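Asker: Residue numbers for the sequence shown follow the UniProt record's numbering, beginning at 1 and rising by one. Ideal Cβ positions, reconstructed from N, Cα and C, are used throughout, including at glycine. Computed from a predicted model, the values in this text were never measured in an experiment.
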Amino acid sequence: MKQLNRQSSLSKQHRPHHHRLSLSRSLASCLLREQRLLFVLLGFLLASSFFLLYPSLTPHPNTLSSSARDTIAARIPRGGGASSVVSAAARRLPVGVRKPSLRVVVTGGVGFVGSHLVDQLLAGGDSVIVVDNFFTGRKENVAHHLSNPRFELIRHDVVEPILLEVDQIYHLACPASPVHYKFNPIKTIKTNVMGTLNMLGLAKRVGARFLLTSTSEVYGDPLEHPQKESYWGHVNPIGVRSCYDEGKRTAETLTMDYHRGAGVEVRIARIFNTYGPRMCLDDGRVVSNFVAQVCVNL
Ligand SMILES: NC(=O)c1ccc[n+]([C@@H]2O[C@H](COP(=O)([O-])OP(=O)(O)OC[C@H]3O[C@@H](n4cnc5c(N)ncnc54)[C@H](O)[C@@H]3O)[C@@H](O)[C@H]2O)c1
């Protein structure tokens with residue numbers, strides 16, 4: 001009994017010490033647990049500050065090679081100009097994240113302008129589907145892409161609807177030289193009106209961004225020089241060129257109505273006289289005519 005009493009008194013003497021020990025142990029383990037949380041938080045903080053301070057491995061636009069800059073500038077800007085696309089892309093992409101590749105359809109993609117656009121899009125890493133009826137375009141213009149798995153060529157007339165899953169639509173299909181667009185004026189206006197309607201319908205259905213290549217011809221026989229975008233033009237609606245001029249004006253109207261009425265994201269590029277490689281010498285446009293005449297008189 002005495003021993004028991006001694007033991008109990010002893011245990012009574014040790015209890016506060018034990019209690020303190022277990023309390024400090026639990027405090028330590030709790031702190032350790034808390035520290036784990038602290039470490040996790042610290043990790044998050046470090047990672048996010050890293051992404052904020054070094055947002056991209058993409059070089060600054062000023063340090064890009066001219067070809068890379070051209071590639072980016074050739075993209076349809078989302079808001080603002082091409083330069084805003086470059087700086088936005090360069091600023092927003094985090095380390096190691098590359099620009100997602102887009103699925104792009106180019107109507108009239110085997111033509112003069114279209115084939116150069118296809119070169120740029122493929123060089124930028126996008127997948128390209130060319131839709132063309134070969135009226136004025138030539139397969140040779142894209143022959144160098146035929147073995148590229150990111151390239152597809154479809155013989156199709158845009159006057160007929162087509163269903164494709166794409167992110168962007170560049171709508172170029174239309175004969176551009178007077179010789180060609182006057183060859184079958186009804187077909188020209190059909191291409192401009194029905195073709196544009198079909199491609200806008202596709203853009204609406206799949207939520208793709210749409211670009212129309214219009215022309216300086218929308219100003220007709222202008223009374224203002226040079227023509228500003230705010231100038232509405234001076235166009236003959238019943239002349240021999242009207243199939244092209246009025247066709248493109250209607251295509252522009254449709255583009256803006258799909259934008260306002262259906263929320264399709266659109267761009268309109270009014271191209272002025274362009275010339276360069278892959279243009280036929282007998283194309284019938286002013287620069288090729290001039291060069292052809294010089295060659296003949298040599
Ligand atoms: N090149 C210029 O100076 C210039 C100037 C102003 C506007 N544009 C516009 O730019 C675009 C391209 O012009 P381009 O100079 O490359 O002309 P282009 O004639 O070389 O190319 C037009 C392409 O569209 C195709 N096409 C025509 N009708 C079609 C149809 N119904 N369905 C499918 N494909 C069809 C042709 O086969 C051709 O490949 C056109 O919309 C044109 O109006 C060009």
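(1) May I ask you to check if the CB of R285 is nearer than 7 angstroms to at least one heavy atom of ligand 1?
(2) Leaving out five residues before and five after V193 in sequence, what residues of the same chain have Cβ atoms less than 8 angstroms from its Cβ?
(3) As an exercise, report each continuous alpha helix (DSSP H) stretch of at least 4 residues that is fully enclosed by the region 150-229, in chain order.
(4) Verify whether the separation of the beta carbon atoms of T196 and H225 is less than 8 angstroms.
(5) Should S177 and R285 be called a contact, given that it needs their Cβ atoms to be closer than 8 angstroms?
(6) Name, in chain order, the residues that DSSP records as bridge partners for V105.
(7) Straight-line CA distance for S230 to Y219?
(8) State buried or exposed for F210, treating a residue as buried only when at least 16 other CB atoms are found within 10 Å of its CB.
(9) Starting from R267, trace the beta strand (DSSP E) in both directions and tell me its first and last residue.
(10) Quick one: does the C-beta of F290 sit closer than 7 angstroms to a heavy atom of ligand 1?
(11) Report the partner residues of H234 according to the DSSP bridge assignment.
(12) Could you have a look at M279 and say whether DSSP puts it in helix, strand or coil?
(13) Does the pairing of the region 129-143 with the region 108-119 give three or more beta-carbon distances under 8 angstroms?
(14) Rounded to whole angstroms, what's the CA-CA distance from K228 to V291? Just pull it up for me.
(15) Should Y293 be labelled buried (16 or more other beta-carbon atoms within 10 Å of its own) or exposed?
(16) Applying the criterion that 16 or more other CB atoms from any shown protein chain within 10 Å of the CB defines a buried residue, is S147 buried or exposed?
(17) Is I271 a contact residue of ligand 1, with contact defined as CB to any heavy atom under 7 angstroms?
(18) Thinking C-beta only, is A203 closer than 8 angstroms to I154?
(19) So F151 and V179 are supposed to be a Cβ contact under 8 angstroms. How far apart are they, rounded?
(20) Leaving aside the five residues before and after K182 along the sequence, list all residues of the same chain whose C-beta is less than 7 angstroms from its C-beta, in chain order.
(21) Once you ignore the five residues that flank G81 on each side, which residues in its own chain have a CB closer than 7 angstroms to its CB?
(22) How about V104 and V166: are their beta carbons less than 8 angstroms apart?
(23) Roughly how many angstroms lie between the CA atoms of A269 and L212, to the nearest whole one?
(24) Give a yes or no on whether the C-beta atoms belonging to T188 and A173 are separated by under 8 angstroms.
(25) Taking C-beta to C-beta, are D126 and G108 nearer than 8 angstroms?
(26) Where does T274 sit, in a helix, a strand or coil, going by DSSP?
(27) Flag S216 as yes when its Cβ comes closer than 7 angstroms to any non-hydrogen atom of ligand 1, and as no otherwise.
(28) Cβ atoms of V287 and Q200: under 8 angstroms apart, would you say?
(29) Flag this pair as yes or no: are the beta carbons of P145 and V118 separated by less than 8 angstroms?
Answerer: Inspection of the coordinates gives the following:
(1) yes
(2) G247, T250, A251 and L254
(3) 178-183, 185-190 and 196-206
(4) no
(5) yes
(6) I129 and I169
(7) 11 angstroms
(8) buried
(9) From DSSP, the beta strand (DSSP E) with R267 extends over V266 to I271.
(10) no
(11) G220
(12) M279 sits in coil when the DSSP states are folded into three classes, being neither helix nor strand.
(13) Yes: at least three Cβ pairs fall under 8 angstroms.
(14) 29 angstroms
(15) For the record, residue 293 in the displayed sequence is Gln; it is not Tyr. That one is exposed.
(16) exposed
(17) yes
(18) no
(19) Going by Cβ atoms, the distance from F151 to V179 rounds to 29 angstroms, so no, they are not a contact pair.
(20) V240
(21) Note that G81 has pLDDT 38, beneath the 50 cutoff, so the model's placement of it is unreliable and the number below is only indicative. So the list is empty, once near-sequence residues are dropped.
(22) Yes, the pair counts as a contact, with Cβ atoms nearer than the cut-off.
(23) For A269 and L212, the gap between their C-alpha atoms comes out near 6 angstroms.
(24) no
(25) no
(26) coil
(27) yes
(28) Here the sequence assigns Leu to residue 200, which means Gln is not the residue at that position. No, the pair does not count as a contact, with Cβ atoms beyond the cut-off.
(29) Here residue 145 is His; the residue named in the question, Pro, does not match the sequence. Contact flag set, yes.
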